[in-house]
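Novice: First to last, the sequence lines map onto chains S and D.
In this text, residue positions in the first sequence follow this note's numbering: the first is 1146, and each later residue adds one.
In this text, residue positions in the second sequence follow this note's numbering: the first is 667, and each later residue adds one.
Sharing a structure below in structure tokens format, with a few things to ask.
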Amino acid sequence: EPEVTQTPSHQVTQMGQEVILRCVPISNHLYFYWYRQILGQKVEFLVSFYNNEISEKSEIFDDQFSVERPDGSNFTLKIRSTKLEDSAMYFCASSDPSGGRDTQYFGPGTRLTVL
Amino acid sequence: EDKVVQSPLSLVVHEGDTVTLNCSYEVTNFRSLLWYKQEKKAPTFLFMLTSSGIEKKSGRLSSILDKKELFSILNITATQTGDSAVYLCAVVRGTSYGKLTFGQGTILTVHP
Chain S
1146 EPEVTQTPSH QVTQMGQEVI LRCVPISNHL YFYWYRQILG QKVEFLVSFY NNEISEKSEI
1206 FDDQFSVERP DGSNFTLKIR STKLEDSAMY FCASSDPSGG RDTQYFGPGT RLTVL
Chain D
667 EDKVVQSPLS LVVHEGDTVT LNCSYEVTNF RSLLWYKQEK KAPTFLFMLT SSGIEKKSGR
727 LSSILDKKEL FSILNITATQ TGDSAVYLCA VVRGTSYGKL TFGQGTILTV HP
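Put into structure tokens, the structure is as follows:
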């Protein structure tokens, strides 16, 4: 069964460093998302992306964050200058029009630890 | 701001029991409500509900939506230890490009 994959599974970085989290959405999906979950808290929406453009973003998704679909398979989240409070689990998700845009399938996540 | 509240926050049962998880919401221009199961990491899709009163069923799991009273329930019958997980409810507003707003989840523990 097709699934969303994410790499790396765990990333440790120093405060102020740039990180890139990578995702390979399900191959025929057209809508892509990033969410994060700080330990013990709710899953929070960051951004949605369609047709090479950001469709919607949350207040969390400030200028430090960017997303890109550099080729036909990868979808990345870049954090330019990480802060301690960026430590969280980051989930990528994707959906397709035939299954309904809202039915999102999540990857296993990347745990980001900022020291 | 959209709001999703789940209850109970945690539940401990024994195998074979039936459980009912609740999700109430406040959202402008409601479009859909989704249930996910989160075990160790990724939320796994269970159901999407858009219409009131139509039960969705998958094996021992079922869910229904009440758009008048603004809530949904997720039922699990004949629980098994493998059902132990966090169950998440999320809503989408009609003007959204797919933003899921999640509740805090219900932690279900099923003892043998």
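Just so it is clear, CB atoms sit at the ideal spot from N, CA and C, and this is done for glycine as well.
I'd like the ranges of any beta strand (DSSP E) spanning at least 3 consecutive residues and lying wholly in the region 1152-1232 of chain S.
Specialist: The DSSP assignment places complete beta strand (DSSP E) segments of no fewer than 3 residues inside the region 1152-1232 of chain S at 1155-1158, 1164-1169, 1176-1182, 1188-1195, 1198-1202, 1210-1213 and 1220-1224, in order along the chain.
Novice: List the residues of chain D whose Cβ lies closer than 7 Å to the Cβ of R1246 (chain S), in chain order.
Specialist: As a working mapping, residue 1246 (chain S) is identified with position 101 in the first sequence. Those within 7 Å of R1246 (chain S) in chain D are G764.
Novice: For the beta strand (DSSP E) holding Q704 (chain D), just list the boundary residues, first then last.
Specialist: For the purposes of this step, residue 704 (chain D) is taken as the residue at position 38 of the second sequence. Residue range F696 to Q704 is occupied by the beta strand (DSSP E) that includes Q704 (chain D).
Novice: Does T747 (chain D) come out as helix, strand or coil in the three-state DSSP assignment?
Specialist: Taking the second sequence and counting its residues from 1, the one referred to as residue 747 (chain D) is at position 81. In the three-state reduction of the DSSP assignment, T747 (chain D) falls in the helix class.
Novice: Give the residues from the region 698-711 of chain D that approach chain S closer than 7 Å (Cβ to any Cβ), ordered along the chain.
Specialist: From the region 698-711 of chain D, only S698, L700, K707, A708, P709 and F711 have a Cβ closer than 7 Å to chain S.
Novice: Less than 9 Å between the C-beta atoms of L1257 (chain S) and D1231 (chain S), yes or no?
Specialist: Here residue 1257 (chain S) is taken as the residue at index 112 of the first sequence, counted from 1. Here residue 1231 (chain S) is taken as the residue at index 86 of the first sequence, counted from 1. The answer is yes: Cβ separation under 9 Å.
Novice: Label V678 (chain D) either buried or exposed according to how many other C-beta atoms from any shown protein chain fall within 10 Å of its C-beta, with 16 as the threshold for buried.
Specialist: In the second sequence, the residue the question calls residue 678 (chain D) occupies position 12. Label assigned to V678 (chain D): exposed.
Novice: Determine the DSSP secondary structure at T1255 (chain S), reduced to helix, strand or coil.
Specialist: The residue labelled residue 1255 (chain S) in the question sits at position 110 within the first sequence. Correct three-state label for T1255 (chain S): strand.
Novice: Is the beta carbon of I729 (chain D) less than 9 Å from the beta carbon of F713 (chain D)?
Specialist: For this step, residue 729 (chain D) is matched to residue 63 along the second sequence. For this step, residue 713 (chain D) is matched to residue 47 along the second sequence. Checking the sequence shown, residue 729 (chain D) turns out to be Ser, not Ile. Yes, Cβ-Cβ distance for S729 (chain D) and F713 (chain D) is below 9 Å.
Novice: Quick one: does E1201 (chain S) have its CB under 9 Å from some CB of chain D?
Specialist: Here residue 1201 (chain S) corresponds to residue number 56 of the first sequence, with the count starting at 1. Yes - at least one Cβ of chain D is within 9 Å of the one on E1201 (chain S).
Novice: Thinking C-beta only, is G1244 (chain S) closer than 9 Å to S698 (chain D)?
Specialist: For the purposes of this step, residue 698 (chain D) is taken as residue 32 along the second sequence, with counting starting at 1. For the purposes of this step, residue 1244 (chain S) is taken as residue 99 along the first sequence, with counting starting at 1. Cβ atoms of S698 (chain D) and G1244 (chain S): not closer than 9 Å.
Novice: Rounded C-beta distance between T1221 (chain S) and R1181 (chain S)? I'm assuming under 8 Å.
Specialist: Reading the first sequence from its first residue, position 76 is the one you call residue 1221 (chain S). Reading the first sequence from its first residue, position 36 is the one you call residue 1181 (chain S). With a Cβ gap of about 15 Å, T1221 (chain S) and R1181 (chain S) do not count as contacting.
Novice: Contact criterion: CB-CB distance below 9 Å. Does V1157 (chain S) meet it with respect to chain D?
Specialist: For the purposes of this step, residue 1157 (chain S) is identified with residue 12 of the first sequence, where counting begins at 1. It does not: the Cβ of V1157 (chain S) has no partner Cβ on chain D nearer than 9 Å.
Novice: Just checking: is the beta-carbon of T767 (chain D) within a distance shorter than 9 Å of some beta-carbon in chain S?
Specialist: Numbered from 1 along the second sequence, position 101 holds the residue referred to as residue 767 (chain D). Residue contact with chain S for T767 (chain D): present (Cβ-Cβ distance below 9 Å to some residue of chain S).
Novice: So with Cβ pairs under 9 Å, would you call A751 (chain D) a contact of chain S?
Specialist: Counting from 1 along the second sequence, the entry for residue 751 (chain D) is found at position 85. Not one chain S Cβ lies under 9 Å of A751 (chain D).
Novice: Quick check on the DSSP output: the beta strand (DSSP E) that includes E1146 (chain S) runs from which residue to which?
Specialist: In the first sequence, the residue the question calls residue 1146 (chain S) occupies position 1. No beta strand (DSSP E) contains E1146 (chain S), which DSSP labels as neither H nor E.
Novice: To which residues of the same chain is Q704 (chain D) closer than 8 Å at the C-beta, ignoring the five residues directly before and after it?
Specialist: Translated into the one-based positions of the second sequence, residue 704 (chain D) becomes position 38. Result list for Q704 (chain D): T710, A751, V752, Y753, L754 and G771, in chain order.
Novice: Starting from the Cα of T1150 (chain S), find the closest Cα among S:V1192, S:V1169, S:E1163 and S:Q1162 and give me that residue.
Specialist: Looking up residue 1150 (chain S) in the first sequence gives position 5. Of the listed residues, the one whose Cα sits closest to T1150 (chain S) is S:V1169.
Novice: In terms of residue numbering, what span does the beta strand (DSSP E) encompassing Y691 (chain D) cover?
Specialist: What you label residue 691 (chain D) is simply residue 25 of the second sequence in a count that begins at 1. Going by DSSP, Y691 (chain D) is part of the beta strand (DSSP E) stretching over V685 to E692.
Novice: Could you check the C-alpha separation between L774 (chain D) and A756 (chain D) for me, to the nearest Å?
Specialist: Here residue 774 (chain D) refers to the residue found at position 108 of the second sequence. Here residue 756 (chain D) refers to the residue found at position 90 of the second sequence. C-alpha separation (whole angstroms): 17 Å.
Novice: Are any of the Cβ atoms in chain S nearer than 9 Å to that of V758 (chain D)?
Specialist: The residue you call residue 758 (chain D) lines up with position 92 of the second sequence. Judged by the 9 Å Cβ criterion, V758 (chain D) is in contact with chain S.
Novice: Report the CB separation of Q672 (chain D) from N695 (chain D) in whole angstroms; it is logged as a contact under 8 Å.
Specialist: Here residue 672 (chain D) refers to the residue found at position 6 of the second sequence. Here residue 695 (chain D) refers to the residue found at position 29 of the second sequence. Actually they are not in contact, since the Cβ atoms of Q672 (chain D) and N695 (chain D) sit about 21 Å apart, beyond 8 Å.
Novice: Please state if the CB of A1238 (chain S) and the CB of F1251 (chain S) are separated by a distance shorter than 9 Å.
Specialist: One-based indexing of the first sequence puts residue 1251 (chain S) at position 106. One-based indexing of the first sequence puts residue 1238 (chain S) at position 93. Yes, the pair counts as a contact, with Cβ atoms nearer than the cut-off.
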